[in-house]
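Asks: Just so we're aligned: the sequence shown equals residues 52 to 312 in this note's numbering.
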Amino acid sequence: MTESAQARLVVENACLRYGALDVLAGLNLTVGSTEIVSIVGPSGCGKTTLLRCVGGLNQLNGGTIHIDGQRVEKPLPSVSMVFQHFGLFPWKSLWSNIAYGLKLRHRPKDEIASRVAEAIELVGLKGFEQSYPHQLSGGMQQRAGLARALVMEPKLLLMDEPFSAIDAQTREQLQFEMLRIWDRRPTAMMFVTHAIDEAVLMGDRVVVLAGRPAHVRAVREVNLPRPRDRSVVSSPEFIKLREQVWHDLFDQPGGTQARVQ
Ligand SMILES: Nc1ncnc2c1ncn2[C@@H]1O[C@H](COP(=O)(O)OP(=O)(O)OP(=O)(O)O)[C@@H](O)[C@H]1O
Ligand SMILES: [Mg+2]
52 MTESAQARLV VENACLRYGA LDVLAGLNLT VGSTEIVSIV GPSGCGKTTL
102 LRCVGGLNQL NGGTIHIDGQ RVEKPLPSVS MVFQHFGLFP WKSLWSNIAY
152 GLKLRHRPKD EIASRVAEAI ELVGLKGFEQ SYPHQLSGGM QQRAGLARAL
202 VMEPKLLLMD EPFSAIDAQT REQLQFEMLR IWDRRPTAMM FVTHAIDEAV
252 LMGDRVVVLA GRPAHVRAVR EVNLPRPRDR SVVSSPEFIK LREQVWHDLF
302 DQPGGTQARV Q
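1. Is Gly175 near ligand 1, going by C-beta to nearest heavy atom under 7 Å?
2. From Cys96, Thr115, Met191, pick the residue whose C-alpha is nearest to that of Gln220; which is it?
3. Tell me the start and end of each unbroken alpha helix (DSSP H) in the region 100–182 that is at least 4 residues and wholly inside, in chain order.
4. Within 10 Å of its beta-carbon, does Phe214 have 16 or more other beta-carbons around it, so buried, or fewer, so exposed?
5. Decide if Gly70 is buried, meaning its Cβ has at least 16 other Cβ atoms within 10 Å, or exposed.
6. Apart from the five residues just before and just after Glu296, which ones in its own chain have a Cβ nearer than 7 Å to its Cβ?
7. By how many angstroms is the C-alpha of Pro126 removed from the C-alpha of Asn148?
8. Out of His298, Ile171, Ile232, state which residue places its alpha-carbon closest to the alpha-carbon of Ala150.
9. Are Glu288 and His245 closer than 8 Å when you measure CB to CB?
10. Can you name, in chain order, every residue of its own chain whose Cβ lies under 6 Å from the Cβ of His117, other than the five neighbours on each side?
11. Measure the C-alpha to C-alpha separation of Leu187 and Gln303 and round it to an integer number of angstroms.
12. Determine the DSSP secondary structure at Glu212, reduced to helix, strand or coil.
13. Let's test the definition: count the other Cβ atoms within 10 Å of the Cβ of Trp142 and tell me whether it reaches 16, buried, or not, exposed.
14. Check the C-beta distance from Ala58 over to Gly83 and give it rounded, since I have them as a contact under 8 Å.
15. If you reduce the DSSP assignment to three classes, tell me which class Ile247 lands in.
16. Rounded to whole angstroms, what is the Cα-Cα separation between Gly113 and Val283?
17. Between the Cα of Arg277 and the Cα atoms of Arg166, Ser285, Ala265, Arg231, which residue gives the shortest distance?
18. Flag this pair as yes or no: are the beta carbons of Leu145 and Ala195 separated by less than 8 Å?
19. Could you tell me how far apart the beta carbons of Val74 and Gly97 are, in whole angstroms, since I believe they sit closer than 8 Å?
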């Protein structure tokens with residue numbers, strides 16, 4: 052997916068500075084309209100910053116970001132974000148948390164009711180509509196965060212380490228649930244993760260960033276068939292890709308291994 056004409060997201064020469072700190076310096080990236088692009092890179096290299104810029108929450112100092120040809124200068128209604136730490140309103144029920152964005156957009160009540168019900172069903176939280184976040188497990192809260200993003204039917208979904216605060220078993224479950232959700236309704240997605248396995252499992256491409264400032268160190272095409280199930284993780288292609296991404300991340304240009312942060 053290199054042709055800008057087909058891309059949903061085009062990041063061109065993105066530069067961002069926090070004071071004296073260059074975080075992004077001339078970063079280029081595209082995401083196709085039904086493509087999942089996994090992003091990996093060392094801690095602090097600028098992954099969240101990049102996502103926030105695409106989400107219109109941070110402004111670039113140079114370069115441009117376009118979504119379906121529209122320049123991103125503020126948050127766009129066609130983009131939703133899922134964060135590592137859920138970000139639910141503790142004082143609102145699950146139902147109200149998920150309905151919040153649609154209410155802000157003044158959607159009719161019956162439309163809100165049906166879309167929220169569908170999103171809750173999609174993430175497997177039926178029966179918990181009236182529960183408050185503190186009454187839900189971490190995995191359930193993350194499902195709720197996901198439902199809140201999906202209910203908006205985004206054209207681009209930005210996911211910032213969505214499963215990293217969750218235990219290993221639930222995380223694996225959520226990875227496959229997310230893949231099933233995408234199979235039903237394919238959309239463009241940027242998926243930031245620290246886990247190489249997860250990056251390969253989810254992505255059509257894995258973009259390896261190096262910092263600082265953040266730049267693209269390597270791009271790996273993931274030609275594993277979809278729909279993907281558990282059998283894919285033991286396939287030779289998967290294992291080979293995982294190795295390649297590992298080396299992209301940790302091998303220093305000079306030959307010695309980079310320190311893992
Ligand atoms: N609001 C801010 N003000 C100043 N510096 C910031 C701000 N947000 C992030 N930074 C700095 O920008 C750099 C990139 O941060 P960012 O959060 O994007 O990294 P990251 O790749 O997401 O890291 P992690 O993998 O740990 O989540 C870091 O050096 C961080 O200290
Ligand atoms: Mg981050």
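The beta-carbon is built from N, C-alpha and C at its ideal position, and this holds for glycine as well. Computed from a predicted structure; not experimentally measured.
Replies: Let's see:
1. With a threshold of 7 Å, the Cβ atom of Gly175 does not count as near ligand 1, since no heavy atom of the ligand is closer than that.
2. It is Met191.
3. Whole alpha helix (DSSP H) segments, 4+ residues: 145–155, 160–173.
4. That one is buried.
5. It is exposed - the Cβ of Gly70 has fewer than 16 other Cβ atoms within 10 Å.
6. One point to set straight first is that residue 296 is Val, not Glu, in the sequence displayed. Only Val91, Ile247, Ala250, Val251, Val257, Val259, Arg271 meet the Cβ criterion.
7. Rounded to the nearest angstrom, the gap between the Cα atoms of Asn148 and Pro126 is 19 Å.
8. Distances from the CA of Ala150 to each of His298, Ile171, Ile232 were compared; the closest alpha carbon is that of Ile171.
9. Taking 8 Å as the Cβ cut-off, Glu288 and His245 do not qualify as a contacting pair.
10. The beta carbon of His117 sits closer than 6 Å to the beta carbons of Val61 from its chain, once the five residues preceding and following it are set aside; these are given in chain order.
11. Leu187 and Gln303: Cα-Cα distance of roughly 43 Å.
12. Coil.
13. Burial call: exposed.
14. The Cβ separation is near 6 Å, so the contact holds.
15. Three-state result, Ile247: helix.
16. Rounded to the nearest whole angstrom, the C-alpha separation of Gly113 and Val283 is 40 Å.
17. Taking only the C-alpha atoms, the option nearest Arg277 is Arg231.
18. Yes, Cβ-Cβ distance for Leu145 and Ala195 is below 8 Å.
19. Between Gly97 and Val74 the Cβ distance is about 4 Å, and since that is below 8 Å, they are a contact.
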